[in-house]
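Undergrad: I'd like to ask you about the structure that follows.
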Amino acid sequence: MEPSLPFYILATLSVFSALMVVLSRKPVHSVLYLIFCFFTIGCHYLLLNAQFLFAVHIIVYTGAIMVLFLFSIMFINMNKESEPHKNTLIKIAAGVLAGLLFLVLLEATKGAETLGPPSPNESYSTVANLGKVLYGQYLLPFEIISIMLLSAMVGAVMLGKKSVD
Amino acid sequence: MNALIVIACLGIAAMMSEVLGFKKLLLPLVAIGLISVVGLFVMDWNTSIRYYHDMLYFDNYAIAFSAMVTVLTALWLIMSKEYFISTTSKAEHAALILFCLTGAIVMISYSDLSMLFIGIEILSISLYVLAASNKHDLRSNEAGLKYFLMGAFATGFLLFGITLIYGASGSFNLQEIANYLSKNSEHLPMFVYAGVLLMLVGLLFKVSAAPFHFWAPDVYEGSPTLVTAFMSTIVKTAAFAAFYRLFATCFSDLSGWWGETLAIVAALTMLVGNVLAVMQQNFKRMLAYSSIAHAGYMLMAIVAMNHISAGAIFLYTSAYSIASLGAFACLHALGANDNEKIINLRGFIAKQPFNAGLLCLAMLSLAGIPPLAGFFAKYYLFYGVIQSGYLWLVLVAVLSSLIGVYYYFRVIYTMFLPREEEDGVLPKISGGHKILLTIVAILSLLMGIFPGILQGIL
Amino acid sequence: MEFILFKLVLVISVFVASLLIAMYSTYGERKIAAFFQDRLGPNRAGPFGLLQPLADGVKMFMKEEIIPTNADKALFILGPCVMMMTACMTGVVIPWGNSLIIGGQEYMMQITDINIGILYVFGVVSIGVYGIMIGGWASNNKYSLMGAIRGSSQMISYELAMGLAIIALIMTTGTLSIREMVQQQHGAHWNVFYQPLGFLLFIICAFAECNRTPFDLPECETELVGGYHTEYSSMKLGFYLFAEYINMFISSAIIASLYFGGYNFPFLSNLGLSHNALSLLGTAVFFGKIFFFIFLFMWIRWTIPRFRYDQLMHLGWRIMIPLALFNILLTALVVLWRSGQLG
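Residue numbers (the working numbering), protein chains in the order written: chain S, 7 to 171; chain L, 521 to 978; chain W, 2 to 344.
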């Protein structure tokens with residue numbers, strides 16, 4: 007599958023915004039770049055003809071989770087001064103390690119064979135088919151993930167509740 | 521499978537207990553529930569059923585480990601009785617513990633990488649909250665946050681690894697991945713190795729093996745003692761069961777490739793854990809490092825990967841978890857007023873000789889002194905590793921065990937010292953803690969005398 | 002080629018219509034307020050004050066442009082842009098009418114019919130929150146920030162109930178495409194009769210999403226000066242105000258097409274008109290429904306006082322969401338019962 011021009015544009019934007027998340031000085035800018043990054047990643051789903059995933063990605067990540075993220079960042083009102091400065095040596099070490107990992111992954115995935123493109127008429131990503139897979143083969147994970155959400159919810163209530171002393 | 525449903529429903533019932541007003545009945549309900557769950561597991565023995573399109577596979581291995589974590593949770597509950605009476609949000613605590621157990625059983629019995637991930641997440645998310653559950657204690661907050669960040673980081677590695685392996689094999693199913701790997705063993709794409717490596721890193725993070733152990737002591741020390749006890753026994757058992765299952769089912773064909781790496785990690789973990797444990801003055805922190813060291817021994821079973829490894833790791837996790845529960849019971853009862861120093865144990869043997877004796881047994885079992893469970897657990901483990909040809913690893917393990925003996929004996933030695941003025945009054949161990957200590961000692965002895973029972977069933 | 006031309010015309014006319022309707026909504030709002038308060042309302046500019054919106058527009062453009070010194074300049078400008086952009090983006094999936102047959106070729110009066118139409122609307126609406134948040138934060142003003150935070154938490158809370166209300170609707174219609182939903186409501190089979198509770202939840206949430214009274218806490222002037230747009234002036238303020246009216250227009254259109262049959266009306270096929278005439282008539286009826294809902298928005302604004310913040314959250318989380326969940330259960334039972342799979 008030869009990547010198309012929209013792919014290159016989107017990929018460039020994704021990488022650029024992901025980098026800016028790390029490089030921005032203000033936390034709010036980082037979060038906004040992250041939102042943009044999620045948005046572009048969502049658009050990759052469109053290129054793969056997975057419209058439902060695109061919409062869900064936008065609604066859940068860009069629209070809900072990141073709003074809460076931005077929300078708390080705005081509340082905390084972090085500024086540059088309060089950020090502890092890391093030792094330069096540690097910074098260099100972390101950079102070298104991350105770079106090495108990046109190289110390893112790059113090398114490992116370089117020779118990977120690419121699959122053929124999904125044909126645009128193929129309906130594998132429609133909501134109906136997705137539902138059949140979720141409620142068929144992946145029924146158990148789908149149901150049991152509710153326990154995970156429940157425990158997160160219980161935890162949030164427990165930590166957030168004012169304790170009666 | 522029924523047992524899993526029962527535990528999940530029990531968790532939901534615990535959550536609702538405050539609203540529906542049966543909070544007083546909560547503890548008996550949970551206790552009865554856990555016992556019946558063990559019964560359900562026993563009934564399932566030798567059935568080996570795959571559930572729901574092969575998402576969960578309850579073979580004997582899974583049933584044995586699931587039953588073990590359930591028993592451990594029941595034992596843990598004995599000493600946590602007070603915990604559920606004095607805290608304000610006990611319904612939430614109980615629910616989270618039961619959800620943890622659900623997650624543990626899912627990650628023990630998974631047969632699909634998606635279930636592994638969900639199991640780990642259920643377990644971890646509940647634990648992040650439990651670690652931070654002492655809201656007014658800064659250390660507990662720190663523990664929760666640190667655990668959360670590190671856990672999320674490790675999950676990232678794990679997921680990346682899963683993705684790469686899925687990319688190559690086109691399946692999340694353990695059996696299908698194994699088939700793919702053995703069929704294409706000659707010309708595997710490079711990124712399969714990268715995937716295995718990343719999954720390995722993610723799991724090593726989760727089991728706090730060196731060099732990914734830095735979070736563990738702080739988290740273990742900062743969390744409320746009971747949560748630490750839960751983390752270093754039940755959670756560790758489940759994590760190793762999952763780890764072993766993945767590598768035994770999926771990646772055993774590649775063992776020539778990851779074996780050496782894992783052996784080095786195991787050796788490093790044992791040495792780091794034991795050496796740092798020696799330097800600790802705080803009993804809780806010492807137990808934390810000891811738990812890291814024991815993780816190193818358990819990794820040896822994965823390195824060995826032969827016909828006795830499954831039994832060996834089962835015996836080892838059981839022996840370690842039971843003895844650890846005893847140690848934590850003592851720590852919890854004696855460290856009531858935040859005094860978690862080892863020297864707080866001074867005069868223990870003179871004041872409460874029976875309890876002190878029981879703690880001695882637990883410590884000896886952890887150190888691996890015959891005829892206690894810890895010794896035979898180590899014996900089988902080392903035997904298996906020698907059979908697989910890692911003699912040097914066994915030598916390192918024996919050496920580090922000797923270091924271990926030193927600090928476990930220091931605890932025992934401290935108990936014999938006379939109590940000083942500044943130590944204050946030693947709290948009396950009674951009630952649930954005493955019962956738990958007694959059970960721990962009896963089990964450690966029994967498992968030491970008849971080690972073949974647990975080792976042989978797998 | 003004709004296809005592209007037609008779409009281009011459609012895009013431009015939808016855009017212009019949105020702007021025009023938003024403009025005259027301001028006029029309508031003031032006239033209706035005047036009617037409710039027994040006043041005359043704007044009547045100086047042109048006959049009946051009909052040129053008033055133009056005069057307002059000119060005023061907005063001419064005013065001095067102020068960006069506060071301590072504001073984050075880029076974000077300060079980005080805020081109203083995001084708001085305006087998302088407001089205009091939703092219109093593309095709404096079926097404005099049935100098809101037109103020109104020269105033997107059938108053209109849909111909808112810019113694009115994507116199969117996840119309703120989710121697309123949700124996605125765009127959920128991005129719209131950022132307009133308020135970014136603008137409020139970038140102003141570097143406590144009142145603005147408070148307004149932004151109120152706005153975002155309100156929108157997040159009500160988006161949940163809105164989504165749940167829609168799920169029940171999707172269960173009965175079995176599609177996510179808005180056009181298909183409208184076509185299913187042919188004649189008088191309007192969804193509001195099948196989903197009365199869902200409709201009630203949806204319209205309440207739509208009010209909250211548009212930040213209209215009784216949910217206008219983000220810009221509540223008695224407490225927060227001007228809310229998130231306190232520091233804004235000139236056309237940037239105009240954008241915010243304008244976007245609010247466009248949102249109102251679009252929500253009315255969505256309510257009309259989801260629950261009130263869109264361009265359908267009873268006895269549509271008995272009139273004996275040609276296809277094109279029927280389509281145009283349908284579009285006119287559709288706009289009639291939209292205007293009714295816009296009027297409803299204004300009617301409620303000048304009738305009901307504003308919620309307190311805790312009341313708002315209480316309503317959202319403790320009443321709307323449980324009701325929406327109940328609605329889903331009820332719908333599921335009915336759907337199962339009708340398909341004969343229940344007992």
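Quick reminder that beta carbons are idealized off the backbone N, C-alpha and C, glycines included.
Because the structure is a prediction, the values reported are computed rather than measured.
1. Could you tell me whether the stretch 569-584 of chain L touches the stretch 653-668 of chain L, using the rule of 3 or more Cβ pairs below 8 angstroms?
2. Does DSSP put L:Leu978 in a helix, in a strand, or in coil?
3. With the cut-off set at 7 angstroms, would you say W:Phe243 and W:Ala23 are in Cβ contact?
4. Going by DSSP, what residue range makes up the beta strand (DSSP E) through L:Arg570?
5. CB W:Ile128 to CB W:Thr87, shorter than 7 angstroms?
6. Looking only at its own chain, which residues have a Cβ that is under 6 angstroms from the Cβ of L:Glu538, when we skip the five neighbours before and after it?
7. Should S:Ile15 be labelled buried (16 or more other beta-carbon atoms within 10 Å of its own) or exposed?
8. In this structure, what does DSSP give as the bridge partners for L:Phe578?
9. Would you mind giving the Cβ-Cβ distance between W:Met236 and W:Ser26, rounded to the nearest angstrom? I have them listed as a contact below 8 angstroms.
10. Please go through the same chain and pick out, in chain order, the residues whose beta-carbon is closer than 7 angstroms to the beta-carbon of W:Tyr108, but skip the five residues on each side of it.
11. What does L:Val914 reach in chain S if we use C-beta pairs closer than 8 angstroms?
12. Let me check understanding here. Comparing Cα to Cα, which of W:Phe37, W:Ser158, W:Ala139 and W:Phe123 lies closest to W:Trp318?
13. Please name the residue, chosen from L:Leu618, L:His953, L:Met535 and L:Gln801, that lies closest to L:Tyr928 on a Cα-to-Cα basis.
14. Pick out whichever of L:Leu616, L:Phe711 and L:Val739 has its Cα sitting closest to the Cα of L:Tyr667.
15. For L:Thr745, count neighbouring C-beta atoms within 10 Å of its own C-beta (all shown protein chains included) and say buried if the count is 16 or more, exposed if not.
16. May I ask you to check if the CB of L:Gly904 is nearer than 6 angstroms to at least one heavy atom of the ligand FAD?
17. Kindly confirm or deny that the stretch 641-651 of chain L and the stretch 769-778 of chain L touch, where touching means at least three C-beta pairs closer than 8 angstroms.
18. Under the assumption that L:Val960 contacts L:Ala882 (Cβ atoms under 8 angstroms), give the Cβ distance between them as a whole number of angstroms.
19. Nearest chain W C-beta to S:Val73 closer than 7 angstroms, yes or no?
20. Compute the Euclidean distance between the alpha carbons of L:Leu618 and L:Met588, then round it to the nearest angstrom.
21. With which residues is W:Tyr25 paired in a DSSP beta bridge?
22. So does the stretch 950-969 of chain L actually touch the stretch 589-601 of chain L, counting three or more Cβ pairs closer than 8 angstroms?
23. CB L:Ala897 to CB L:Tyr809, shorter than 7 angstroms?
24. Looking at the structure shown, is L:Leu819 part of a helix, part of a strand, or coil, going by DSSP?
25. Based on Cα-Cα distance, which residue from L:Leu643, L:Gly690, L:Val721 and L:Phe760 lies nearest to L:Ala674?
26. Taking the alpha carbon of W:Ala18 as the reference point, which residue from W:Leu313, W:Leu326, W:Glu66 and W:Ala285 has its own alpha carbon closest?
27. Between W:Ile255 and W:Ile95, what straight-line distance do the alpha-carbon atoms span, to the nearest angstrom?
28. What's the C-alpha gap between L:Thr608 and L:Ser844?
29. State the DSSP-derived secondary structure class of L:Tyr910, mapped to helix, strand or coil.
30. Taking a cut of 8 angstroms between CB atoms, which residues from the stretch 93-119 of chain S lie near chain L?
31. Roughly how far, in whole angstroms, is the beta-carbon of L:Phe767 from the beta-carbon of L:Met825, given that I think they are within contact range, below 8 angstroms?
32. Reducing DSSP to helix, strand and coil, say where W:Asp39 ends up.
33. Report, in whole angstroms, the separation of the C-beta atoms of W:Ser258 and W:Ala207, which I expect to be a contact under 8 angstroms.
34. So what does W:Asn99 bridge to, in DSSP terms?
35. Looking only at its own chain, which residues have a Cβ that is under 6 angstroms from the Cβ of L:Phe732, when we skip the five neighbours before and after it?
36. Would you list the residues sitting across from L:Asp738 in a DSSP beta bridge?
TA: For this structure:
1. With fewer than three CB-CB distances shorter than 8 angstroms, the stretch 569-584 of chain L does not count as touching the stretch 653-668 of chain L.
2. For the purposes of this step, residue 978 of chain L is identified with residue 458 of the second sequence, where counting begins at 1. If DSSP states are grouped into helix, strand and coil, L:Leu978 belongs with coil.
3. Within the third sequence, residue 243 of chain W is the residue found at index 242, counting from 1. Within the third sequence, residue 23 of chain W is the residue found at index 22, counting from 1. The answer is yes: Cβ separation under 7 angstroms.
4. Start at 1 with the first residue of the second sequence, and residue 570 of chain L comes out as number 50. Per DSSP, L:Arg570 is one residue of the beta strand (DSSP E) stretching across Ile569 to Tyr571.
5. Mapped onto the third sequence, residue 128 of chain W falls at position 127. Mapped onto the third sequence, residue 87 of chain W falls at position 86. For W:Ile128 and W:Thr87, yes; Cβs fall inside 7 angstroms.
6. Mapped onto the second sequence, residue 538 of chain L falls at position 18. Scanning its chain for C-beta atoms nearer than 6 angstroms, with the 5 sequence neighbours on each side dropped, one finds around L:Glu538 the residues Ala611, in chain order.
7. Mapped onto the first sequence, residue 15 of chain S falls at position 9. Exposed, since its Cβ has fewer than 16 Cβ neighbours within 10 Å.
8. Position 58 of the second sequence holds residue 578 of chain L. DSSP, once it has assigned bridges, lists L:Ile569 as partnering L:Phe578.
9. Translated into positions along the third sequence, residue 236 of chain W becomes position 235. Translated into positions along the third sequence, residue 26 of chain W becomes position 25. By a beta-carbon distance limit of 8 angstroms, W:Met236 does not contact W:Ser26. Their separation comes to about 18 angstroms.
10. In the third sequence, residue 108 of chain W corresponds to position 107, counting from 1. Within the same chain, and ignoring the five residues on either side of W:Tyr108 in sequence, the residues whose Cβ sits closer than 7 angstroms to its Cβ are Phe7, Ser100 and Leu101.
11. Residue 914 of chain L sits at position 394 when you count from the first residue of the second sequence. Residues of chain S passing the Cβ test: none, with the nearest at roughly 31 angstroms.
12. What you label residue 318 of chain W is simply residue 317 of the third sequence in a count that begins at 1. Minimum Cα distance to W:Trp318 is reached at W:Ser158.
13. On the second sequence, residue 928 of chain L is found 408 positions in, with the first residue counted as 1. Taking the Cα of L:Tyr928 as reference, the smallest distance to any Cα among L:Leu618, L:His953, L:Met535 and L:Gln801 is reached at L:Gln801.
14. Mapped onto the second sequence, residue 667 of chain L falls at position 147. Of L:Leu616, L:Phe711 and L:Val739, the residue nearest in Cα terms is L:Val739.
15. The residue labelled residue 745 of chain L in the question sits at position 225 within the second sequence. So L:Thr745 counts as buried.
16. The ligand FAD is absent from the structure shown, which contains no ligand whatsoever.
17. The answer is no - the stretch 769-778 of chain L does not touch the stretch 641-651 of chain L, with fewer than three Cβ pairs under 8 angstroms.
18. Looking up residue 960 of chain L in the second sequence gives position 440. Looking up residue 882 of chain L in the second sequence gives position 362. The distance from the Cβ of L:Val960 to that of L:Ala882 is about 6 angstroms, consistent with a contact at the 8 angstroms cut-off.
19. Your numbering for residue 73 of chain S matches position 67 in the first sequence. Taking Cβ atoms only, chain W reaches closer than 7 angstroms to S:Val73, which makes this a yes.
20. As a first step, residue 618 of chain L is located in the second sequence; it is residue number 98 there, counting from the start. As a first step, residue 588 of chain L is located in the second sequence; it is residue number 68 there, counting from the start. Cα to Cα, L:Leu618 sits roughly 15 angstroms from L:Met588.
21. For the purposes of this step, residue 25 of chain W is identified with residue 24 of the third sequence, where counting begins at 1. Its beta-bridge partners do not exist; DSSP assigns none.
22. With a cut-off of 8 angstroms, the stretch 589-601 of chain L and the stretch 950-969 of chain L count as touching, because enough Cβ pairs lie within range.
23. Counted from its first residue, the second sequence places residue 897 of chain L at position 377. Counted from its first residue, the second sequence places residue 809 of chain L at position 289. Inclusion of L:Ala897 and L:Tyr809 in the CB contact set at 7 angstroms is not warranted, their separation being larger than that value.
24. Here residue 819 of chain L corresponds to residue number 299 of the second sequence, with the count starting at 1. Helix.
25. As a working mapping, residue 674 of chain L is identified with position 154 in the second sequence. Selection L:Leu643, L:Gly690, L:Val721 and L:Phe760 evaluated against L:Ala674 yields L:Val721 as nearest (Cα-Cα).
26. Within the third sequence, the letter at position 17 stands for residue 18 of chain W. Nearest option by C-alpha distance: W:Ala285.
27. Taking the third sequence and counting its residues from 1, the one referred to as residue 255 of chain W is at position 254. Taking the third sequence and counting its residues from 1, the one referred to as residue 95 of chain W is at position 94. The alpha-carbon separation between W:Ile255 and W:Ile95 amounts to approximately 7 angstroms.
28. The sequence position of residue 608 of chain L within the second sequence is 88, counting from 1. The sequence position of residue 844 of chain L within the second sequence is 324, counting from 1. In a straight line, the C-alpha of L:Thr608 is about 27 angstroms away from that of L:Ser844.
29. Along the second sequence, read from residue 1 onward, the residue named residue 910 of chain L stands at position 390. Secondary structure of L:Tyr910 (DSSP, three-state): coil.
30. So the list reads Val110, Leu111, Glu113, Ala114, Thr115, Lys116, Gly117, Ala118 and Glu119, given in the order they occur along the chain.
31. Counting from 1 along the second sequence, the entry for residue 767 of chain L is found at position 247. Counting from 1 along the second sequence, the entry for residue 825 of chain L is found at position 305. L:Phe767 to L:Met825, Cβ: 7 angstroms. Contact.
32. Along the third sequence, read from residue 1 onward, the residue named residue 39 of chain W stands at position 38. DSSP, reduced to helix, strand and coil, places W:Asp39 outside both helices and strands of the structure shown, so it counts as coil.
33. Your numbering for residue 258 of chain W matches position 257 in the third sequence. Your numbering for residue 207 of chain W matches position 206 in the third sequence. About 13 angstroms separates the two Cβ atoms, so there is no contact after all.
34. The residue given as residue 99 of chain W occupies position 98 in the third sequence. Answer is none; W:Asn99 lacks a bridge partner.
35. Against the second sequence, residue 732 of chain L aligns to sequence position 212. Closer than 6 angstroms at Cβ, skipping near neighbours: Leu724 and Phe725.
36. Taking the first residue of the second sequence as position 1, residue 738 of chain L is located at position 218. BP columns for L:Asp738 are empty, so no partner.
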